[in-house]
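Report on the structure given below.
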Amino acid sequence: MTKYSIGNDKKTALAYNFNINASRTDYSPIQTNYNNTFDLSIGVRYEHQHQWGRFMLFYGPGISVSFHKYSTEYGNNPKGSVRYTNLNNDFSTNAGFYFGSRFFLNSRLSINIISDISVNYGISSRNSVTINGSTGNIDSDVTTKEYPFITNLGRIGLGLGIHF
860 MTKYSIGNDK KTALAYNFNI NASRTDYSPI QTNYNNTFDL SIGVRYEHQH
910 QWGRFMLFYG PGISVSFHKY STEYGNNPKG SVRYTNLNND FSTNAGFYFG
960 SRFFLNSRLS INIISDISVN YGISSRNSVT INGSTGNIDS DVTTKEYPFI
1010 TNLGRIGLGL GIHF
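Quick note, in the numbering used here, the sequence shown goes up one by one and the last residue is 1023.
Listed below in structure tokens is the structure:
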């Protein structure tokens, strides 16, 4: 998370984050078992800040969007085996109210506690395919879609802040 103070009085700030992660895990050279993962998230929040000595209280609204793609394939290579393929795609938007506190250890380091109350709307797609290895025919092909709407009180996060 990166944060910029706004104004001369430094009582407001704009914070944003950008995360990207991609990985592939291959479990065995003999069997074809692997997982592919791709995650992308972008968020921004506006903070009001009140400081008393080394202690700061901050709060404000924020929004974020995220995309998660996960695929897995497993089964034996030899003929006659059954192969399974799963593909999951998730897209979600989140709007919430963030609140937290910060204790400055010195001018460059702080300990932060943050949580949020938020609503989340998403689109989830799941596809599962089973292929008979001896014939190459598809035994089953199941696709499900979900459109979850979730309200939650976020978990409490504890972090170390480095200030430039």
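For each residue, glycine too, the CB sits at the ideal point set by N, CA and C. Small disclaimer: the values here were computed from a predicted structure and weren't measured.
Membership of Arg1014 in any beta strand (DSSP E) is not indicated, and neither H nor E is assigned to it by DSSP. DSSP places Gly912 in no beta strand (DSSP E); its state is neither H nor E. The three-state reading of DSSP puts Asp868 in coil, since its state is none of H, G, I, E or B. Taking the CA atoms as reference points, Leu964 sits about 28 Å from Ile976. Shown here, Ser987 sits in a strand according to DSSP, grouped into three states. With distances taken between CA atoms, Ala872 lies nearest to His907 out of Gly1016, His907, Asn986, Phe926.
Residue environment: Gly1016 is assigned as exposed (fewer than 16 neighbouring CB atoms within 10 Å of its CB, all protein chains considered). Assignment of Arg967 by DSSP, reduced to helix, strand and coil, places it in the coil class. When Cβ pairs closer than 8 Å are counted between the two stretches, the stretch 916 to 924 is seen to touch the stretch 949 to 958, the count reaching three or more. Pairing Asp1000 with Gly959, the inter-Cα distance amounts to about 46 Å. Taking the Cβ atoms as the reference, Ser983 lies roughly 7 Å from Pro1007, within the contact range of under 8 Å.
Between Arg904 and Ala874, the C-beta spacing is below 7 Å. Spatial neighbours of Ser966 in its own chain (CB-CB distance under 8 Å, excluding positions within 5 residues in sequence) are listed in chain order as His1022.
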